[in-house]
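Residue numbering for the sequence shown follows my numbering, starting at 155 and increasing by one per position.
Note that the Cβ used here is the ideal one computed from N, Cα and C, for glycine as well.
Everything numeric in this text was worked out from a predicted model, so none of it was measured.
Worksheet: one structure, shown below.
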Amino acid sequence: MSLTETILGTIKPEPELFCHIDGTPYFTPYHHPLHTLPHIPGLKGDKQFQTITVISLPSTPGVPVTREVLEKVIRAYLHEDDVLCPGLMQNIVLRSQNHGTGLVLEESVLEWISQSTQFALVVIDKTINLAQKCSSCSSKIIKLKWPFLEITGSYLYRSENGDSKTGLYPVYRLYPDTSKAFVLGCYPVHDGSGGYSMLNKVDGDGNLMIPVPSRMYSMNRRGSLQGLRLGVKDIFDVEGLPTKAGSRVFAHLNGRFPKQETAPSLIILEEAGAVIVGKVKTSHPFSPRADGCQSCGSSSSGSASAIASYDWLDFSVGSDTDGSIRHPAAIAGIYGVRPTHGLVSTKSVLPALPWVDTVGILARSIDTVKRVMQIWSSEQREKHARLTTLLVPSDDMGNLQQDIKDLFLNFLEDASRAAKINVKKVNISEIVATQVDIIGEDEIPKAIGAWQWKDFGKGIYERYQSRHEGRLPPLGHLVREAFKVAQQEEWDEEKFRRYVELTALEWLPTYREQKLNDISIPLGRHTNPLGPYVPASIGGCPHLVIPIGQVPFHSLLSQRMEMQTICVSLVGPPGTDLSIIGVMLRLKEEEVIKAVQTGGEAFKHQGAALLDENPAT
Numbered sequence: 155m156s157l158t159e160t161i162l163g164t165i166k167p168e169p170e171l172f173c174h175i176d177g178t179p180y181f182t183p184y185h186h187p188l189h190t191l192p193h194i195p196g197l198k199g200d201k202q203f204q205t206i207t208v209i210s211l212p213s214t215p216g217v218p219v220t221r222e223v224l225e226k227v228i229r230a231y232l233h234e235d236d237v238l239c240p241g242l243m244q245n246i247v248l249r250s251q252n253h254g255t256g257l258v259l260e261e262s263v264l265e266w267i268s269q270s271t272q273f274a275l276v277v278i279d280k281t282i283n284l285a286q287k288c289s290s291c292s293s294k295i296i297k298l299k300w301p302f303l304e305i306t307g308s309y310l311y312r313s314e315n316g317d318s319k320t321g322l323y324p325v326y327r328l329y330p331d332t333s334k335a336f337v338l339g340c341y342p343v344h345d346g347s348g349g350y351s352m353l354n355k356v357d358g359d360g361n362l363m364i365p366v367p368s369r370m371y372s373m374n375r376r377g378s379l380q381g382l383r384l385g386v387k388d389i390f391d392v393e394g395l396p397t398k399a400g401s402r403v404f405a406h407l408n409g410r411f412p413k414q415e416t417a418p419s420l421i422i423l424e425e426a427g428a429v430i431v432g433k434v435k436t437s438h439p440f441s442p443r444a445d446g447c448q449s450c451g452s453s454s455s456g457s458a459s460a461i462a463s464y465d466w467l468d469f470s471v472g473s474d475t476d477g478s479i480r481h482p483a484a485i486a487g488i489y490g491v492r493p494t495h496g497l498v499s500t501k502s503v504l505p506a507l508p509w510v511d512t513v514g515i516l517a518r519s520i521d522t523v524k525r526v527m528q529i530w531s532s533e534q535r536e537k538h539a540r541l542t543t544l545l546v547p548s549d550d551m552g553n554l555q556q557d558i559k560d561l562f563l564n565f566l567e568d569a570s571r572a573a574k575i576n577v578k579k580v581n582i583s584e585i586v587a588t589q590v591d592i593i594g595e596d597e598i599p600k601a602i603g604a605w606q607w608k609d610f611g612k613g614i615y616e617r618y619q620s621r622h623e624g625r626l627p628p629l630g631h632l633v634r635e636a637f638k639v640a641q642q643e644e645w646d647e648e649k650f651r652r653y654v655e656l657t658a659l660e661w662l663p664t665y666r667e668q669k670l671n672d673i674s675i676p677l678g679r680h681t682n683p684l685g686p687y688v689p690a691s692i693g694g695c696p697h698l699v700i701p702i703g704q705v706p707f708h709s710l711l712s713q714r715m716e717m718q719t720i721c722v723s724l725v726g727p728p729g730t731d732l733s734i735i736g737v738m739l740r741l742k743e744e745e746v747i748k749a750v751q752t753g754g755e756a757f758k759h760q761g762a763a764l765l766d767e768n769p770a771t
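Here it is as structure tokens:
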């Protein structure tokens, strides 16, 4: 055997197809067919891929399907599903939503199909009856002798097993990750394992391409999340994908190999119909808001950035220890939920501090939040306490800019009226002053660093040094300093259980470049000694971030007035997650809150005059 033959013999092309249909990039993996059918006479697939779309027709006994009904269904598909396009409807399959209902196609439907240049071939399910006058149909119409599968959506098809079978393969639309929010895009391998495969594809600008499936694929699945797409923070294990936790050192030591199982918190979402499209970063992607160059903070920042950036993503899953969901959600102007501690499993999720670690969600609407939280809460006993009083910390009210204060006070008034809840202002500083055993802010970061050093940091140091001639691992400054302090102090279990949470700062969103942050001016000086996140974390309480409006500020980069979203948050007693969400749904019905949009502004502002009034700089 020659050297050339030896080299060529090792080449194995990946079973992946990339193409453009109607000018849009698509991707199809053909490792395994998603569905396999008996051979359909007249359906020319050969070994080359062709497009086909399965359309599910509404069925009412005794009411025939007209041309108008079919056209309406097709328009609805194209409107509701961003993956579908006319080019994927070269061949179509018509099937009844309910087999055995005696659905009849009116003569006008068959005549339109026969005369249309849009369709090359139309396959009709056995359970659908043709109008009596149309017994002689165009050659482009094929009537099956067997019921078609209960599936919907667009596929690529080709002949399989010597033309005895027809294989249907999924079609994914490729979207560029322009905000740099994702670590990787992924898709289900459909081999029966429940695992995923990573897509290694970038566009001409170096943006990762994220494969997004048709929403129609889940139309026939049971579950309240059918058709929804989600991104997953890269500390959650997903079968078939690596977990790198936003660290090159961690990836080098632990994250290069695909995981063997998926986190239970994600499995329950998949079973309800949601689809994972990729893993998102833990630190500093771009925020799409305002001038587009700000940071979303940490560490569920990729989760926040992706939701604020992309209409094709419905929600994202993150984790929260010291505000890692709530802080990015507030910066990005989206809804963020830290559920009751222990409500959602943290198995197969990299821990930060187990006593307060919580799995949560980020989304653009309270309706999506409700759907996901109902799935996560399905096996928990909800405390249906009626929320009668809203306690509002007054410590920082005097430090807020006037336009922000007005926005906040108006929200409180509207919320009190709509939800029939009393509002009571409390001064946290005065309450804390009466306590003799309050947690010191300087001690709390030490506790987290100490626990992380004890749990896995020390092991990472030792493993890295053993492989790199005693060199220290190149960790970030904050982590390195925290581990350094942890090595210098002795920490017993009492200290670990006492100090459990970092206190966050309430600043305008920071830029990714530190020099710009040095000249930023905060929204208002923070005087509340507990901060916005500490009570919920320590108490294990549900905590919901809610966008309520936006104010103008002068961007240091664009040198023009931009809009910054303002959020409030609501903390309730443990176990009242759905009760709090119920209050927010009432506010939505009364138009006190609403869904936010993607892009530079979370809300559409009324007129340019707004940008000239009381700008925040």
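First through last residue of the alpha helix (DSSP H) which encompasses residue i
| i | result |
| --- | --- |
| Gln642 | 631 to 642 |
| Asp693 | First, the amino acid is wrong: residue 693 is Gly here, not Asp. 688 to 693 is the extent of the alpha helix (DSSP H) around Gly693. |
| His481 | 480 to 486 |
| Gly736 | 731 to 743 |
| Ile461 | 455 to 463 |
| Leu353 | Per DSSP, Leu353 belongs to no alpha helix (DSSP H); it is in the beta strand (DSSP E), 350 to 353. |
| His233 | 221 to 234 |
| Arg571 | 556 to 573 |
| Ile267 | 261 to 269 |
Cβ-Cβ distance between residue i and residue j below 8 Å
| i | j | result |
| --- | --- | --- |
| Ile430 | Tyr350 | yes |
| Ser723 | Ile747 | no |
| Leu338 | Pro187 | no |
| Pro218 | Glu260 | yes |
| Ala458 | Ile485 | yes |
| Asp388 | Ala417 | no |
| Leu544 | Ile585 | no |
| Ala772 | Leu257 | Summary: the structure shown does not reach residue 772, with the chain confined to residues 155 through 771, and so no result is reported for it. |
| Ile461 | Ala517 | yes |
| Gly694 | Thr494 | yes |
| Phe565 | Leu554 | no |
| Ser262 | Ser213 | no |
| Ala604 | Ala640 | yes |
Residue nearest to residue i in terms of C-alpha spacing, selected from the options
| i | options | result |
| --- | --- | --- |
| Tyr311 | Arg376, Val325, Thr500, Ser449 | Val325 |
| Ser478 | Ser455, Ser463, Met363, Tyr329 | Ser455 |
| Leu328 | Trp466, Pro689, Asp731, Pro301 | Trp466 |
| His438 | Glu415, Lys334, Phe562 | Lys334 |
| Ser531 | Gln556, Ala426, Lys574, Ile558 | Ala426 |
| Pro628 | Ser401, Lys608, Asn581, Arg480 | Ser401 |
| Gly775 | His697, Ile720, Arg714 | Outside the shown range of the chain (155 to 771) lies residue 775, about which nothing can therefore be said. |
| Ala428 | Pro396, Arg383, Gly451 | Arg383 |
| Ile720 | Arg480, Asn361, Thr182 | Arg480 |
| Lys735 | Lys608, Ile614, Val526, Leu626 | Per the sequence shown, the amino acid found at residue 735 is Ile instead of Lys. It is Val526. |
| Trp509 | Ser463, Gln606, Phe273, Thr542 | Gln606 |
| Asp476 | Gly613, Gly514, Gln556, Leu232 | Gly514 |
| Ser368 | Val523, Glu584, Leu232, Gln556 | Leu232 |
| Asp345 | Leu171, Leu544, Glu393, Gln251 | Glu393 |
| Asp445 | Gln718, Ser548, Val523 | Gln718 |
| Asp468 | Gln414, Gln751, Met715, Gln619 | Gln751 |
| Ser453 | Val498, Thr512, Leu395 | Thr512 |
| His193 | Gln380, Lys319, Ser583 | Lys319 |
| Lys608 | Ala690, Ala636, Asn553, Val546 | Ala636 |
| Ser463 | Cys695, Thr271, Ser441 | Ser441 |
| Pro169 | Leu353, Ile296, Ala230, Leu248 | Leu353 |
| Asn252 | Thr271, Leu211, Lys578 | Leu211 |
For residue i, the first and last residue of its enclosing beta strand (DSSP E)
| i | result |
| --- | --- |
| Lys748 | Lys748 -> no beta strand (DSSP E), and no H or E assigned at all. |
| Ile720 | 715 to 725 |
| Val522 | Sequence check: residue 522 is Thr here, not Val. Segment 520 to 530 is the alpha helix (DSSP H) holding Thr522; no beta strand (DSSP E) there. |
| Ala517 | 512 to 517 |
| Lys608 | Neither: Lys608 is in no beta strand (DSSP E) and is coded neither H nor E. |
| Pro195 | No beta strand (DSSP E) contains Pro195, which DSSP labels as neither H nor E. |
| Cys173 | 170 to 175 |
| Arg540 | Neither: Arg540 is in no beta strand (DSSP E) and is coded neither H nor E. |
Residue i: CB within 7 Å of a non-hydrogen atom of the ligand NAP
| i | result |
| --- | --- |
| Leu504 | The ligand NAP is not part of the structure shown, which contains no ligands of any sort. |
Does the pairing of the segment 171 to 179 with the segment 239 to 259 give three or more beta-carbon distances under 8 Å? yes
Please list the segments of the beta strand (DSSP E) lying wholly inside the segment 292 to 360, counting only runs of 3 or more residues, in order along the chain. 295 to 297, 307 to 314, 319 to 324, 326 to 330, 336 to 342, 350 to 353
Is it the case that the segment 302 to 309 contacts the segment 350 to 364, given that we only count it when at least three CB pairs across the two stretches are under 8 Å? Contact fails: fewer than three Cβ-Cβ distances are below 8 Å.
May I have a chain-ordered list of the alpha helix (DSSP H) segments no shorter than 4 residues that lie completely inside the segment 386 to 461? 418 to 425
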